[in-house]
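Heads up, the thing below is written out as structure tokens.
Number of protein chains: 2
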Amino acid sequence: MQAVDQLIGMHMQSAVSTIPLLAGHLVASGGKRIRPLICLSVAHMLGIQGKNHVTLAACVEFIHTATLLHDDVVDESQLRRGKASANALWGNKASVLVGDFLFSRAFELMVEMQSLPVLGILSAASSRIAEGEVMQLMSLQDIEAAQTHYFQMIDAKTAKLFEASAQGAALLAVARPEQQQALKQYGHLLGMAFQVADDVLDYANPNVTSGKTPGIDFAEGKVTLPVIYAFEKATPDEKKFWKRTFEDYDQHPDDLSTAQDILNRTGALTQALDQAKAFALQARAQLDLFPHSEFKQTLLDLATLSAERTC
Amino acid sequence: MQAVDQLIGMHMQSAVSTIPLLAGHLVASGGKRIRPLICLSVAHMLGIQGKNHVTLAACVEFIHTATLLHDDVVDESQLRRGKASANALWGNKASVLVGDFLFSRAFELMVEMQSLPVLGILSAASSRIAEGEVMQLMSLQDIEAAQTHYFQMIDAKTAKLFEASAQGAALLAVARPEQQQALKQYGHLLGMAFQVADDVLDYANPNVTSGKTPGIDFAEGKVTLPVIYAFEKATPDEKKFWKRTFEDYDQHPDDLSTAQDILNRTGALTQALDQAKAFALQARAQLDLFPHSEFKQTLLDLATLSAERTC
Numbered sequence: 002m003q004a005v006d007q008l009i010g011m012h013m014q015s016a017v018s019t020i021p022l023l024a025g026h027l028v029a030s031g032g033k034r035i036r037p038l039i040c041l042s043v044a045h046m047l048g049i050q051g052k053n054h055v056t057l058a059a060c061v062e063f064i065h066t067a068t069l070l071h072d073d074v075v076d077e078s079q080l081r082r083g084k085a086s087a088n089a090l091w092g093n094k095a096s097v098l099v100g101d102f103l104f105s106r107a108f109e110l111m112v113e114m115q116s117l118p119v120l121g122i123l124s125a126a127s128s129r130i131a132e133g134e135v136m137q138l139m140s141l142q143d144i145e146a147a148q149t150h151y152f153q154m155i156d157a158k159t160a161k162l163f164e165a166s167a168q169g170a171a172l173l174a175v176a177r178p179e180q181q182q183a184l185k186q187y188g189h190l191l192g193m194a195f196q197v198a199d200d201v202l203d204y205a206n207p208n209v210t211s212g213k214t215p216g217i218d219f220a221e222g223k224v225t226l227p228v229i230y231a232f233e234k235a236t237p238d239e240k241k242f243w244k245r246t247f248e249d250y251d252q253h254p255d256d257l258s259t260a261q262d263i264l265n266r267t268g269a270l271t272q273a274l275d276q277a278k279a280f281a282l283q284a285r286a287q288l289d290l291f292p293h294s295e296f297k298q299t300l301l302d303l304a305t306l307s308a309e310r311t312c
Numbered sequence: 002m003q004a005v006d007q008l009i010g011m012h013m014q015s016a017v018s019t020i021p022l023l024a025g026h027l028v029a030s031g032g033k034r035i036r037p038l039i040c041l042s043v044a045h046m047l048g049i050q051g052k053n054h055v056t057l058a059a060c061v062e063f064i065h066t067a068t069l070l071h072d073d074v075v076d077e078s079q080l081r082r083g084k085a086s087a088n089a090l091w092g093n094k095a096s097v098l099v100g101d102f103l104f105s106r107a108f109e110l111m112v113e114m115q116s117l118p119v120l121g122i123l124s125a126a127s128s129r130i131a132e133g134e135v136m137q138l139m140s141l142q143d144i145e146a147a148q149t150h151y152f153q154m155i156d157a158k159t160a161k162l163f164e165a166s167a168q169g170a171a172l173l174a175v176a177r178p179e180q181q182q183a184l185k186q187y188g189h190l191l192g193m194a195f196q197v198a199d200d201v202l203d204y205a206n207p208n209v210t211s212g213k214t215p216g217i218d219f220a221e222g223k224v225t226l227p228v229i230y231a232f233e234k235a236t237p238d239e240k241k242f243w244k245r246t247f248e249d250y251d252q253h254p255d256d257l258s259t260a261q262d263i264l265n266r267t268g269a270l271t272q273a274l275d276q277a278k279a280f281a282l283q284a285r286a287q288l289d290l291f292p293h294s295e296f297k298q299t300l301l302d303l304a305t306l307s308a309e310r311t312c
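As they're listed, the protein sequences go chains A and B.
Counting in our numbering, the first sequence runs from 2 upward without gaps.
Counting in our numbering, the second sequence runs from 2 upward without gaps.
As structure tokens, then:
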């Protein structure tokens, strides 16, 4: 992981000083580096030779960082990881352009791996991420649309990059086809668990200490799985509440705590968390065909933790 | 060129309907397709086999379209090619994300060419474009900074993609190293001529019929070559005028026509146009080592026309 951080630090350099400044702000703010950890663990579990898995891990984190920069512009976020977001500090324009820079740098780095199949996987993942983000943007404030598209959308915007991380590392390690398939699936399921748990966390009991500020999805009118489950079994009054707060986007100061009450009382939050845990269990099961090793254990733990996130 | 348009049409498709809608708006609005034309002319001049040059041409146009979408967000432009810009119609958020999508699609298409060297050239060009855009953003309203960085900035934001178009096609056609070098240089010089002429056009006499609305660079406070030349030989009063309108960004209704007067009277506009023509001549000279053909003639004409733009 140190080698990954070094590579990231090296490749975000530019003579245009705003670029390392802005990118460094985000990189230094300490993401969880889960995607690089998947790359490295998969590669080591398969006994990889060489250093290409370190490059892959850096590429994947670059793509992730670029999407965070653009996400914060799209969401008009003022905070990221508890600190002022890059767009809040340097403006939307710089965030858009530095995101483009990091994205291009990711592809420059990919070329160094000299693997066209890995390039194919990562470029396909990138366009799916953008599709997922557009889907989310367009389904805002439409509960019915969100119900139909939710899993498809989180697969695209989140799970695809986890999938590409695991599959890319398997490819670099020249895994057998059935191993590659299992690891691809592992990455997909882990990503699904991760995003559903993230969406649950947004409505977490405010008394629980969490690294996240709850209520952001609600404030932005993003229809996520807890709301979808609550809407399915809503009383007529509750349906009115969800339609007012999401579809009409007419929100009052007490609405977030009302939403949290409904989500807790109806069991929608637990139901969504159970879904995250189910994804995590399925992710773990994909690893059955690999013998035990400390790296496999890391991957198993990552799956479990992804559904039990507190930050 | 028809095959290029077909490929572009095919690869901007997505199940997320906003994407082809928004991308199609820009693609259909009829860009000049100069970069694809360079790819195809170079490839044919060198007697290329296969269809990879068509794919390259589509990739380059995708990258160009993606940067236009992000540029219009950064510049807050309401118009593009005489029509409402995508960000004006669909909003900045969708423009950022669809730009990301097109950019990723460009890389997906590149992988189909199965050429790591071409991928290396295009990914390096993309990160230079982003660097050039950040340079421009940061040097806004600082005439001294702009003077130092102008040629470096237009090389990055504009010329690099022209260079990559010519060099990429030469690589695909397995040109000899000295041919590749000459064509790379041709692309670079053509791009420089193109951008300087574009910057001159922005101050064109409003009586001249032109496809462009003049005065946009001025309104946005972008310091371009005509202003740099005018500032170099400015009287104390003119210096005050440029500092007020660009550095203090304090602009009054009559200022654009005053700027046009100064630029015409001092010969700054002619001097900048002469610089564009000089770049174009140098671009043409790069082609000396190729025998005459209709494709070489197209490349020669493109160079000349790039410095004599009226749109």
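All residues carry an ideal CB built from backbone N, CA and C; glycine is no exception.
Proximity of residue 111 of chain B to chain A, defined by a Cβ-Cβ separation below 9 Å, is satisfied. For residue 85 of chain B, the beta-bridge partners assigned by DSSP are B:80.
Residues of the stretch 122 to 152 of chain B whose Cβ lies closer than 7 Å to any Cβ of chain A, in chain order: 124, 125, 127, 128, 131, 132, 134, 135, 136, 138, 139. Membership of residue 102 of chain A in the alpha helix (DSSP H) is indicated by the continuous run 93 to 114. In this structure, residue 162 of chain A lies away from residue 197 of chain A, with their beta-carbon atoms at least 9 Å apart. Taking each of B:38, B:66, B:217 in turn and checking the Cα distance to residue 301 of chain B, the smallest one comes out for B:38. By the neighbour-count definition (other C-beta atoms within 10 Å, threshold 16), residue 276 of chain B is a buried residue. Counting only residues of its own chain and dropping the five nearest sequence neighbours on each side, residue 36 of chain A has a CB closer than 7 Å to the CB of 61, 62, 65, 162, 163, 166.
Fully enclosed alpha helix (DSSP H) runs of no fewer than 4 residues occupy 178 to 202, 217 to 221 of the stretch 174 to 232 of chain A, in order along the chain. Note that the C-beta distance between residue 59 of chain B and residue 105 of chain A is not below 9 Å.
Proximity of residue 100 of chain B to chain A, defined by a Cβ-Cβ separation below 9 Å, is satisfied.
For the set A:308, A:90, A:21, A:67, the Cα lying nearest the Cα of residue 195 of chain A is the one of A:308.
With respect to chain A, the C-beta atom of residue 106 of chain B has a partner C-beta closer than 9 Å.
Taking 9 Å as the cut-off, the beta carbon of residue 87 of chain B is found closer than this to the beta carbon of residue 95 of chain B.
Below 8 Å, enough C-beta pairs join the stretch 173 to 187 of chain B and the stretch 277 to 297 of chain B to call them touching: three or more. In the three-state reduction of the DSSP assignment, residue 250 of chain A falls in the coil class, being assigned neither a helical nor a strand state.
Scanning the stretch 258 to 297 of chain A for uninterrupted beta strand (DSSP E) segments of 3 residues or longer gives nothing; none is fully contained. If the five residues before and after residue 68 of chain B are omitted, its C-beta is found closer than 7 Å to the C-beta atoms of 130, all from its own chain and listed in chain order.
Contact between residue 173 of chain B and residue 54 of chain B is confirmed by a C-beta separation of about 6 Å, below the 8 Å threshold. The beta-carbon of residue 39 of chain B is placed no less than 9 Å from the nearest beta-carbon of chain A. If only uninterrupted alpha helix (DSSP H) runs of at least 4 residues are considered, those enclosed by the stretch 117 to 181 of chain B are 117 to 140, 144 to 155, 161 to 173. Any Cβ of chain A closer than 9 Å to the Cβ of residue 15 of chain B would place that residue at the interface, and such an atom is present. Among the residues of chain A, those whose CB is under 7 Å from the CB of residue 94 of chain B are 75, 138, following chain order. In terms of Cβ geometry, residue 156 of chain B and residue 192 of chain B form a close pair [threshold 9 Å]. The DSSP-derived three-state label of residue 28 of chain A is helix. Around the CB of residue 154 of chain B, 16 or more other CB atoms lie within 10 Å, so the residue is classed as buried. DSSP, reduced to helix, strand and coil, places residue 46 of chain B within a helical segment of the structure shown.
The residues 246, in chain order, have a CB closer than 7 Å to that of residue 256 of chain B in the same chain once the five nearest residues on each side in sequence are set aside.
Shown here for residue 118 of chain B: same chain residues with a beta carbon closer than 7 Å to its own, the five before and five after excluded, namely 172 in chain order.
Straight through space, the alpha carbons of residue 47 of chain A and residue 177 of chain A are spaced by roughly 10 Å.
In this structure, DSSP gives residue 67 of chain A a helical state, which the three-state scheme calls helix. Only residues of its own chain outside the window of five on either side were considered, and among them 203, 225 have a CB closer than 6 Å to the CB of residue 218 of chain B, listed in chain order.
DSSP, reduced to helix, strand and coil, places residue 17 of chain B outside both helices and strands of the structure shown, so it counts as coil. Proximity to residue 234 of chain B across B:127, B:222, B:269, B:148 peaks at B:269, based on C-alpha coordinates. Nearest to residue 152 of chain B by C-alpha distance, out of B:26, B:49, B:273, B:11, is B:273. Contact annotation, residue 142 of chain A with residue 222 of chain A: C-beta distance approximately 5 Å; criterion of less than 8 Å satisfied.
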